Amino acid sequence: MSEISVSALPAAQSEGFVRVTEAGLRGMITLRGDLASAAIAKAVQEITGAALPPMRRIVQAGENAVVWMSPDELLILCPHDQAPGMEAALRAALAGEFATVANVSDARAVFSLSGTAWRDALAKLCPVDFSTLGTGDIRRTRAAQVAAAILVTGPEEVDLICFRSVAQYMFDILSAAASAGSEPALYV
Amino acid sequence: MSHRLPNGGRLIARGTPRNFTFNGKSMSGFAGDTLAAALLANDQILLGRSFKYHRPRGVVASGAEEPNALMELGTGDRFEPNQRATTTELFDGLTAASQNHWPSLDFDVLAVNNLVPQFLTAGFYYKTFLRPRAFWKHVYEPIIRRSAGLGRAPATNARDTDRYEQIYGFCDVLVIGGGIAGLQAALSAAQAGAKVVLWEQTAHWGGRAPVDGVEIDGKPADDWIKSTLQTLESLPNVQIRTRCMGAGVHDHGYVLGYERITDHAPRTDAPRHRLWRMRAGKIITATGAIERPLSFAGNDVPGVMLASAMRDYIVNYAVSPGKVIVVVTNNDDAYRSAITAHEAGIKVAAVIDARSEANGALPGQARALGIRVLTGQGVRKVKGGKRVTGVELCPIDSDGKTQSEALDCDAIAMSGGWSPVVHLWSHCGGKLTWDETGHFFRPDPARPPLGADGAGFVLTCGSAHGDLGAVLAGAHAAGQSAAGLTATDAPATDSLPDEAPLEPVWIMPRAADYDLRMKMWLDFQNDVKVSDVQLAAREGYQSVEHTKRYTTLGMATDQGKLSNINGLAVLSDALGQPIPATGTTTFRPPYTPISIGAIAGEARGSTFQPLRKSPIHDWHDANGADWEPVGQWRRPYTYLRAGEKRHDAVNREVKNARENVALLDASTLGKILVSGPDAGRFLDMLYTNMMSTLKPGKCRYGLMCNENGFLMDDGVVARIDAQSFLVHTTSGGADRIHAWMEDWLQCEWWDWKVHTVNLTEQFAQIAVVGPKARQLLERLGGMDLSRDTLPFMEWAEGRLGGFDARVFRISFSGELSFEIAVPASQGRAFWERLMAEGADMGIMPYGTEALHILRAEKGFIMIGDETDGTVIPQDLNLNWAISKKKDDFLGKRGMEREAMIDPKRWKLVGLETLDGSVLPHAALAVVPGLNANKQARTEGRVTSTYYSATLGRGIAMGLVERGTDRMGEEISFAGQGETRIKARIVDPVFYDKEGAKQNV
Amino acid sequence: MLILTCPCCGVTAEETEFHGGGEAHLKRFGPGSDDADYESYMFSRKNPRGVHFERWRHVYGCGKWFLAARCTMTLEVFATYPAQTLEPPADVITAIKSKRPEWEGFV
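Residue numbers (our numbering), protein chains in the order written: chain U, 8 to 195; chain F, 128 to 1127; chain V, 225 to 331.
This is how it looks when you write it as structure tokens:
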């Protein structure tokens, strides 16, 4: 479907003291259920290759990742074209369990922020103490007026997930927050 | 005259001149000057006119407390009024202009107000302009508008070109104020291991200490400041920031800080202001103290300033406010100004001390320098108009009718003692106590503002705490305490000469007669005088809050920083009660005014609020969409062709949907997956009708009510499989209904096995509508969408023309209609494919207005039009959608109430005007007579009204009393003025009553 | 502006991440209930000067509802706890009592 599938803001990018890039289409699957259940842990492990993450953590496994979203919700990240298959596999594996699987890949937009000062850019938008976040952490919060999930993927890299409909708004506020000359020298 | 001194100036760089203009006149100063200092250096004593009387005014202070020296700065898009010259740092190219005068600063026609000041006493506006009433608009208001006020507003076409931003910060200890107390507190907290942030509102560290000659460990304060700063800068757990004002302290350690990034050096790549939204565990306010003016006649004449400000100008900027100065005081501290001036080579005519004797160290030092000291004396009146020319003295306890002596001078330094800056302590509920020695309110550490844990979260130190002598020991203790340590001995000791106590002097002379009292200014900016406060007290204003509002004392942009205590003292005296019994007015944030830009932050222009876009948004935009806001979404109201009028475009779209095939972007519709073993049971509670019996593959329309029984949302539910339903909500209802579901599942029925997932944005949803809809979709191929395979109110999924599609055979138009959901990423391509495939069939997109008309022609309700939060399903004749088999559903109990089963409730009917015209939107059906409130009696209202292109006439729906029992009856609707429009009550289904067209 | 700790995801955040939901521990009265019970369920709300129990949703976070015991006068937050309970748990009651010995208790 690559020829007809497009992300929210294809190839949008801005260069400031942090680089902001629209990350393109990502596969995302919501899995709701009892995260203490062995069946869910087994299914997730077998299908994604990743163990269940602890609270507010991300477990990476190759191209896949499993993200803790709430006490009964995971977000599974994978290549976009693999999401339908993974959704079907999870649903099959969890048949009979009280668990819900839904492909939400297209409901979202993803922005990658790269640069040592990513905390300084996000501090302008999110009411979060970013000194508490390190690689592998997930923090759901708001960025200015919209919901955002911040996934710390490396020391100088974060992914920010928002709803697809507000991608332009998110790109604009991120770009402004990261614009050269506005460095707040807060975390760096 | 005021002038630059040949030597000195600790903050200026004489090698770096700065050129600026004042009222169009070119002037120059030095880097490091404030605008006020540079103006004084250019002998510009007269800086503005006062608010009411248009009296000439000059600079009074040297910092944030300045009431008079307000300027219009910048031009065009960067024009900004009411900026304090004392806190404006000079830069090359600065343009400043004085305010509130006409036609010019030197000659102001409205200074005539000043000749009859008794006209503008306290309460003047309330008393004078009461009647005749008609005079208000044409006589009084224009006069007041001309005479009152400060700076002008920016031009209507001016647009602020600067950027502003906000930022969230977190720390253990926030120290506000970078004087020596703040520096010490920050250092002590940091060395105790706390994460510390230190803010200073000016560009310089150290506060008053270097100017006041404080010695620390036997060395000048500047040495200690420098080394302490170096230490702070080297600590990884400390962040220090100048030009950042603590603006307000709020609940749970939330503090707003106002950082002025480019005001002192304008540039475009950086934000001009940054608003800090700091969350601190503990806050230490080391905000210093503000000197109080003395109330003597003519204390507002340009050239009269605070004693501390005068030495600030001499020491920091090497600017002398005059050639010959007189110091007036009730305390020892002001002698510092006399000594400083003398040592700078400025002639000090005398120190006038209200106290009967002055034998402290500082007066001794002054006398030793040969400065004349007069005790037991006060100022009778200041001589001069646009600048001071001299001063008349009188015994302090006299009525001031006779002068004892007159002195020539061109500047006067006044000091009535000091008041700690308690604003930030007080913002969030910190209480004050009256200090009998210093005669000021100081923070009461026993009654601090309380935080989330119930403990006090604000501490104070330095002169903000009321320590007017040595401050470092207290600051060290505050720093350690804030960091959670028990205080130890201070590592450094600051020393000052001992001072004798001040003697309060609230009016000078103490028994001054009325003529003098009406020339004694308390609030310089709002022109409130001693006589005004006394008048208010005589007229019965006893509460300080009432007096404040009656006289406007302390209500100007400086919020009474100079006038507060003096005003309270005068009021207390007039009421015959001690000052603590009068109390203070409430201190409210911000400490000094902050820019609207900083408050807005990123929320301006295109990012003022989020704009939600469907996956097909850009196509609409490129194809004539006339946008309509729907919540935060934008939806095409209609698609305008070149030269086409809105009305014509809408009619074209309606006709095309009825006759050919048309597309609607329905992506904004809410889509919520409800899944789990109890999903059916849950939906049975949520909907008024039965959902659990719906078979997989089928669709059912349903209504949702709140617990009052009032309709809140509607939509089609599709059963996916045994355990899953896809719930469609209205466009505006998606988030609300999802939250509503989660509320019930988490808080009421938490043992039910149901999950919800909001899939609204996962899918682009396109309605393919019209007699040729099926024909179009068949061209795409891949799915059998025939009537037999996919009947009305069923759904199917598959690959449609290569797209991953879920096709719902539902209709909100009455036409043959398929609503097709594809993944959002495929939405744009799918839409374009449909447009291309249908080109030869006359395919057109249609907007929300056509959508409304199509549904209204069919009598379909719209949440928000037919409902308004007081309408139950029965009002809309939707009894068929209310299950009688269910024991319970949300709203069932509410519908059983007496008022809900009243036969006289307004019911939904169709309405046809007799002349075919379109009824006005929301028109009321009126009947003769008046109701209990003497309003016209009504029996109904229009809820939806449109021109129907299909029928060629106006159609409407409305709620009418017993409407369903009155078919065929004619009723009257109110039009413009007294006009009445006759309409006939009819069936609300205007088109294809049998539903033949949708079920094909 | 308050700070609250969401007991469901452990995040301590400022009020703007949350959405207030009014009084906690209401008992629902549906069909068959008498007018007085229905009225109290729908319309009667406590407005105490002091200890109060409230509903909050971590709307910009994990999305979960939770409950908070808070002082309406000082804004002190005694405890936050999961919403799946009919009345404040014992440890919450104890926490409040230790700070407000004069408190009459949950009624």
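Just so you know, even glycine gets a beta-carbon here, dropped at the ideal spot from N, CA and C. None of these values were measured; they are calculated from a predicted model.
Under 9 Å between C-beta atoms of residue i and residue j
| i | j | result |
| --- | --- | --- |
| Pro631 (chain F) | Ser129 (chain F) | no |
| Arg145 (chain F) | Asp233 (chain F) | no |
| Gly860 (chain F) | Gly941 (chain F) | no |
| Ala610 (chain F) | Ala485 (chain F) | no |
| Leu81 (chain U) | Pro60 (chain U) | yes |
| Asp841 (chain F) | Leu830 (chain F) | yes |
| Leu167 (chain U) | Ala155 (chain U) | yes |
Beta-carbon contacts of residue i that lie in its chain and below 6 Å, excluding the five residues immediately before and after
| i | result |
| --- | --- |
| Met8 (chain U) | Any answer about Met8 (chain U) is weak, because its pLDDT of 45 lies below 50 and its placement is not dependable; what the coordinates show is given next. Hits under 6 Å: none found. |
| Met177 (chain U) | Cys169 |
| Leu917 (chain F) | Ala923, Arg936 |
| Glu519 (chain F) | Arg507, Lys508, Gln530, Ala533 |
| Val165 (chain U) | Leu120, Trp125, Ile157, Val159 |
Backbone secondary structure at residue i - three-state DSSP
| i | result |
| --- | --- |
| Ser802 (chain F) | strand |
| Ile498 (chain F) | coil |
| Asn693 (chain F) | helix |
| Asp753 (chain F) | strand |
| Met8 (chain U) | Low local confidence applies: a pLDDT of 45 at Met8 (chain U) is under 50, so the model's placement there is unreliable, and no value is given. |
| Ala184 (chain U) | helix |
| Gln52 (chain U) | helix |
| Gly135 (chain F) | coil |
| Lys675 (chain F) | helix |
| Leu680 (chain F) | coil |
| Phe105 (chain U) | coil |
| Arg507 (chain F) | strand |
| Gly408 (chain F) | strand |
| Phe24 (chain U) | coil |
| Lys322 (chain F) | coil |
| Ser119 (chain U) | strand |
| His391 (chain F) | coil |
| Asn195 (chain F) | coil |
| Cys874 (chain F) | helix |
Beta-bridge pairing of residue i - partner residues as DSSP gives them
| i | result |
| --- | --- |
| Cys230 (chain V) | None; Cys230 (chain V) has no bridge partner. |
| Gly384 (chain F) | F:Gly373, F:Trp403 |
| Asn146 (chain F) | F:Ser155 |
| Pro347 (chain F) | F:Glu342 |
| Ala72 (chain U) | U:Gln67, U:Leu84 |
| Lys1034 (chain F) | F:Val1087 |
| Ala540 (chain F) | F:Met432, F:Val454 |
| Phe890 (chain F) | F:Pro950 |
Cβ of residue i within 9 Å of any chain A Cβ
| i | result |
| --- | --- |
| Val301 (chain V) | No chain A appears in this structure, whose protein chains are U, F and V. |
Cβ-based neighbour list, residue i, same chain, cut-off 7 Å, excluding 5 preceding and 5 following
| i | result |
| --- | --- |
| Ala1049 (chain F) | Arg1068, Val1069 |
| Leu496 (chain F) | Ile466, His469 |
| Tyr641 (chain F) | Ser658 |
heavy atom of the ligand MG below 8 Å from residue i C-beta
| i | result |
| --- | --- |
| Thr304 (chain V) | Judged by which ligands are present, the structure shown has none, so any question about the ligand MG falls away. |
Residues near residue i by beta carbon distance below 8 Å, same chain, minus five either side
| i | result |
| --- | --- |
| Lys1120 (chain F) | Asp1114 |
| Met962 (chain F) | Leu790, Ile970, Pro972 |
| Gly245 (chain V) | Glu278, Arg279, Trp280, Arg281, Trp289 |
The segment 266-274 of chain V contacting the segment 236-243 of chain V, beta-carbon criterion three pairs below 8 Å | no
Say whether the segment 1112-1122 of chain F touches the segment 810-821 of chain F, bearing in mind that this needs 3 or more beta-carbon pairs closer than 8 Å, one atom from each stretch.
-> no
Specify whether the segment 406-414 of chain F and the segment 578-587 of chain F touch according to this definition: at least 3 beta carbon pairs, one from each stretch, less than 8 Å apart.
-> yes
Using 8 Å as the threshold, is the segment 384-404 of chain F in touch with the segment 414-421 of chain F, meaning 3 or more CB pairs across them?
-> no
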